Each structure stands twice: as C-alpha cells, then as structure tokens.
Amino acid sequence: MNDAAAMHEGKTIEAAATLDGRAWLEPALQALRLRLERRILWLRSSLADDGLRSYGEQVVSDARADWLLRGSGGAAQETFLRSDPAAIALTEHLQRAEREAAGVRQALLDAGTPAPVDVLGRIFGLSPLEQALLVMALAPRVDAAFEQLYGYAHDRLSVVHATQHLAEALLAPDVRPLDIRRALLPESPLRRFRLIEQQALPGRVDMSLLAPIMLDERMADFLLGLNYLDPGAAEYLDPVAPALPAPCHLPLLRPLVSALGDDSRPAVDLVGEPRSGRRGFAAALAAEAGMTLVRLRLERLPAELARRLAQLRRIEREAALLRLAVFVDAASADGGESNRATALEDVLERLEAFAIVASGQPVHSQRPIRYVHLPKPDAASRRALWRQALSAATSEADESEVRSLAAHFDLDSTEILQIAREAAAADGTSGERILWQVA
Numbered sequence: 002m003n004d005a006a007a008m009h010e011g012k013t014i015e016a017a018a019t020l021d022g023r024a025w026l027e028p029a030l031q032a033l034r035l036r037l038e039r040r041i042l043w044l045r046s047s048l049a050d051d052g053l054r055s056y057g058e059q060v061v062s063d064a065r066a067d068w069l070l071r072g073s074g075g076a077a078q079e080t081f082l083r084s085d086p087a088a089i090a091l092t093e094h095l096q097r098a099e100r101e102a103a104g105v106r107q108a109l110l111d112a113g114t115p116a117p118v119d120v121l122g123r124i125f126g127l128s129p130l131e132q133a134l135l136v137m138a139l140a141p142r143v144d145a146a147f148e149q150l151y152g153y154a155h156d157r158l159s160v161v162h163a164t165q166h167l168a169e170a171l172l173a174p175d176v177r178p179l180d181i182r183r184a185l186l187p188e189s190p191l192r193r194f195r196l197i198e199q200q201a202l203p204g205r206v207d208m209s210l211l212a213p214i215m216l217d218e219r220m221a222d223f224l225l226g227l228n229y230l231d232p233g234a235a236e237y238l239d240p241v242a243p244a245l246p247a248p249c250h251l252p253l254l255r256p257l258v259s260a261l262g263d264d265s266r267p268a269v270d271l272v273g274e275p276r277s278g279r280r281g282f283a284a285a286l287a288a289e290a291g292m293t294l295v296r297l298r299l300e301r302l303p304a305e306l307a308r309r310l311a312q313l314r315r316i317e318r319e320a321a322l323l324r325l326a327v328f329v330d331a332a333s334a335d336g337g338e339s340n341r342a343t344a345l346e347d348v349l350e351r352l353e354a355f356a357i358v359a360s361g362q363p364v365h366s367q368r369p370i371r372y373v374h375l376p377k378p379d380a381a382s383r384r385a386l387w388r389q390a391l392s393a394a395t396s397e398a399d400e401s402e403v404r405s406l407a408a409h410f411d412l413d414s415t416e417i418l419q420i421a422r423e424a425a426a427a428d429g430t431s432g433e434r435i436l437w438q439v440a
C-alpha cells in the first residue's frame with residue numbers, strides 16, 4: 002500500500018522531519034508558564050484591595066471598575082514588570098527559559114530533525130510571533146492546567162483558551178499589540194492555511210479580543226509529531242493507482258521538473274488523448290519532485306463559494322504538510338463541459354499547491370501553467386510497459402507474448418499493471434490464457 006492509500010485507511014504517518022515530536026515542547030511550555038506567572042503576579046498586585054475578586058466575572062466591584070478605568074494592562078503592566086523586584090526576577094528566569102527552549106530547537110535543527118513548530122515555520126513562512134501563538138494555542142491540548150491558568154490570567158474563569166487579549170498580556174512588552182493583530186488577520190499564514198481556527202464568540206458577528214485561538218485535532222497532532230492526512234481533506238482526495246510513465250515520454254520529465262523549480266505556483270497541464278499515459282507521467286513527475294500524487298475530485302467540492310474555498314485551503318495545508326501533488330482529471334467532474342471548465346479554472350486559480358491536470362485540450366487559467374503535449378505511446382513504449390508490468394507481477398515476461406499483448410490492446414500503464422497483477426493472482430488455468438482473458 003502506498004503512502005496515499007495508507008493515509009486514506011486512517012493510518013498515521015510519522016512526520017519525516019521530526020524524531021521526537023515532543024522534545025522541544027516542555028521547554029517551550031515552561032517559558033509560557035513563566036509568562037503566565039508574571040501576568041498573575043501583576044493581577045494579584047493590582048487587585049490586592051478588591052475584596053470581591055473571588056466572585057470573578059459575576060461581580061464588577063468598585064475596586065475592579067477603578068482598575069479597569071486606569072487600564073487593566075498596557076503601560077501600567079509594563080511599568081510594574083520593570084519596577085517590581087519579584088517581576089524583574091521572573092523576567093530574568095523567563096529569559097533563561099526562552100534561551101533554553103531556543104537551544105533545544107536549534108539542536109534539533111542541527112541534527113536534521115527540526116521541531117514540528119519549526120517545520121511549520123519553514124513551510125508556511127511563520128514569524129517567531131506566529132510560532133509563539135501556535136504554542137499558546139497548543140498548551141491546553143497538552144496540559145489541562147493551562148485552561149485554569151488561562152482563565153486566571155484573563156481574569157475571566159470562563160475564558161480558558163488562547164486569545165488575542167491573552168497574547169497581548171503575556172507577550173508585552175516584547176511584542177506590540179498591532180503585530181499580534183496582524184498575525185491573526187484572515188489572510189495571515191496562521192489563518193490562510195488553517196493552522197489555527199478563530200471564530201467570533203456566540204452572539205457576536207465580529208472578532209473580539211476574547212475570540213478563541215484554537216487548533217484543530219490535525220494541527221495539534223502535527224505539533225506533537227504525528228503527520229497524517231486530515232479526514233476532512235481525504236473526503237476530496239483519492240490515492241492514485243500505481244502507474245508507469247511511457248518510455249517515449251521520459252525525455253520530457255527531468256527538464257520539466259527543473260523548469261518547475263522556478264515557478265512560485267507550479268502547475269502543469271498534460272494534454273493528450275485518453276490512454277496517452279497522462280496518469281503515468283503525472284505519477285513520475287510527482288515522484289521526481291519528491292512528492293506523492295493524489296487525485297482531487299472536483300465533483301465532490303461544495304458548490305457554495307465560501308465552503309469550497311475553505312476546503313481548498315484545507316487541501317493546500319495538507320499538500321504542504323505531506324508533500325502532495327494534486328492531480329485533476331479535467332474530464333472527471335459531473336455536469337456539462339462549460340460547468341466542468343469553469344470549476345477547473347476556479348480551482349486552479351485558487352489552489353496554492355502543485356497542480357497537475359490531465360486534459361484533452363489545453364486548460365486556460367489566470368494562473369501560469371506549463372503545457373506538455375503527450376502523444377500516445379509508440380509500439381516500443383507499449384512493449385516496455387507490458388514487460389515491466391509482467392516482470393513486476395510474475396518475475397518473468399515472455400517476449401513473444403509481450404509483443405502480442407502490446408499490438409493487440411490499447412491500454413494505459415495503470416490498466417496494464419492491474420491486468421498483470423490480476424493474472425498473476427489467478428489460479429487453476431494457464432497463465433497466458435488468464436492474462437489474455439483479463440486483458
């Protein structure tokens with residue numbers, strides 16, 4: 002079973018770039034605990050005279066109202082952190098902890114086994130701030146104590162998740178609030194690629210400072226060292242059956258891979274007749290690029306634009322995390338030819354992933370596409386495909402039979418491989434008769 006098939010069977014595939022998914026995490030969480038401790042020290046100091054503080058958010062006392070009017074953080078908190086002896090000591094401890102955490106991550110990088118958060122940073126171009134927000138969102142998924150600590154640090158026991166407000170409070174004075182807001186914008190990498198989920202609070206139509214910053218199960222698992230295809234994306238992606246490139250097409254392969262290295266959004270349209278070997282060439286192209294080929298089922302994508310865009314972004318994320326090349330058969334979508342073309346063009350223009358299209362006529366798109374015209378395999382290529390398939394299935398290939406099969410049947414490499422396997426597995430009759438019967 003290939004990687005794509007294994008993923009669709011629900012099996013996990015360990016992230017190739019991580020050795021110990023959690024080796025980096027405890028130092029990072031310890032630094033986060035120290036930031037929470039500083040915040041809690043500030044809250045206790047500034048609300049020491051509030052006799053009703055134990056009632057939490059149920060009561061706004063006079064002392065709390067005065068505190069809120071003076072500012073519940075910001076400049077007042079920064080002044081406290083710079084002047085209070087206990088806060089100064091905590092800051093020094095925090096700086097040592099963050100140096101230790103950075104040292105662990107650097108050691109993993111040097112060993113060629115980067116921490117998952119650094120893998121995400123490289124793939125999606127995340128800043129140190131964006132990586133810190135991921136750690137903040139992950140913490141309650143690793144240690145339930147962070148839920149209570151987050152509630153305490155918010156001074157709202159019902160708010161137990163990471164928020165923009167919490168990030169501003171914990172990261173001050175090192176990070177400006179505007180930079181945190183920028184990192185959480187809809188088109189930022191964190192939200193653009195669904196690395197985090199942020200939704201408005203119930204009853205609100207806009208994002209507030211207390212809107213949850215959450216990780217879905219897929220991203221939480223990735224940060225812990227588990228890499229597998231998101232079931233939500235698997236609904237739209239199918240594994241591609243094994244296929245071989247026709248020998249007559251191989252001279253086109255490496256120059257194309259080399260040229261694609263210059264493309265910011267690589268896309269290839271393999272133009273040819275049915276059974277011209279487009280799927281085999283696509284599989285070889287993906288393998289040459291060090292990727293796994295999966296097929297996108299256009300007809301399964303939601304018709305409604307917002308839902309379709311959300312799923313395409315999920316697919317983009319999976320393609321990046323698992324190094325997937327996305328194969329699209331232009332003739333596979335349901336509906337009329339005009340609807341099919343429109344759907345394909347829309348997907349090509351929106352999908353930020355390596356896309357390989359198989360079409361009968363060149364597909365037009367605003368996205369730059371490299372067109373490769375594939376002629377149907379010649380007689381020598383058809384014989385070579387039969388020879389390879391039979392050798393792989395039975396360890397022997399009679400040359401006269403290979404020539405007869407190649408001359409008689411017009412099949413692509415996927416069908417030839419399937420026939421060879423089925424014939425090799427058949428019992429009770431001569432292999433030659435079964436092979437011709439299956440073909």
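Taken in order, the sequence shown gives residues 2 to 440; the numbers are from this note's numbering. For each residue, glycine too, the CB sits at the ideal point set by N, CA and C. As the structure is a prediction and not an experimental result, all values here were calculated from the model.
At what residues does the alpha helix (DSSP H) containing residue i begin and finish?
i           : result
residue 80  : 75-84
residue 414 : 414-426
residue 237 : No alpha helix (DSSP H) contains residue 237, which DSSP labels as neither H nor E.
residue 152 : 146-155
residue 46  : 26-47
residue 409 : 400-409
residue 23  : That residue, residue 23, is in no alpha helix (DSSP H); it is neither H nor E in DSSP.
Would you tell me roughly how many angstroms separate the C-alpha atoms of residue i and residue j, rounded to the nearest one?
i           : j           : result
residue 194 : residue 315 : 7 Å
residue 296 : residue 277 : 18 Å
residue 148 : residue 158 : 9 Å
residue 294 : residue 87  : 56 Å
residue 354 : residue 124 : 12 Å
residue 335 : residue 154 : Low local confidence applies: a pLDDT of 46 at residue 335 is under 50, so the model's placement there is unreliable, and no value is given.
residue 83  : residue 171 : 14 Å
residue 246 : residue 111 : 38 Å
residue 225 : residue 177 : 29 Å
residue 327 : residue 290 : 13 Å
residue 258 : residue 146 : 49 Å
residue 129 : residue 96  : 15 Å
residue 168 : residue 38  : 14 Å
residue 30  : residue 94  : 14 Å
residue 16  : residue 218 : The predicted model places residue 16 with a pLDDT of 39, which falls under 50 and marks its position as unreliable; any figure quoted below should be read in that light. Taking the straight line from one Cα to the other gives about 15 Å.
residue 356 : residue 40  : 47 Å
residue 268 : residue 48  : 59 Å
residue 298 : residue 253 : 27 Å
residue 220 : residue 137 : 13 Å
State the beta-bridge partners of residue i as determined by DSSP.
i           : result
residue 256 : Looking at the DSSP assignment, residue 256 forms no beta bridge with any residue, so it has no partner.
residue 215 : 198
residue 272 : 360, 374
residue 328 : 296, 357
residue 163 : 214
Count the other CB atoms within 10 Å of the CB of residue i; is the residue buried (16 or more) or exposed (fewer)?
i           : result
residue 181 : buried
residue 36  : buried
residue 131 : buried
residue 186 : exposed
residue 156 : buried
residue 173 : buried
residue 108 : exposed
residue 284 : buried
residue 166 : buried
residue 418 : buried
residue 122 : buried
residue 281 : buried
residue 382 : buried
residue 78  : buried
residue 183 : exposed
residue 214 : buried
residue 256 : exposed
residue 339 : Only weak support is given to the placement of residue 339: the predicted model assigns it a pLDDT of 43, under 50, and the question is left unresolved by the model.
residue 379 : exposed
residue 370 : buried
I think residue i touches residue j, with their Cβ atoms under 8 Å apart; what is that distance to the nearest whole Å?
i           : j           : result
residue 202 : residue 191 : Incorrect: roughly 19 Å between the Cβ atoms, too far for contact.
residue 323 : residue 230 : 6 Å
residue 116 : residue 106 : 5 Å
residue 364 : residue 345 : 6 Å
residue 272 : residue 362 : 7 Å
residue 312 : residue 372 : No, residue 312 and residue 372 are not in contact; Cβ-Cβ is about 27 Å, not under 8 Å.
Counting along the chain, where does the beta strand (DSSP E) carrying residue i start and finish?
i           : result
residue 374 : 371-374
Any heavy atom of the ligand GTP inside 8 Å of the beta-carbon of residue i?
i           : result
residue 374 : For the structure depicted, the ligand GTP is absent and the ligand set is empty, with no information on it obtainable.
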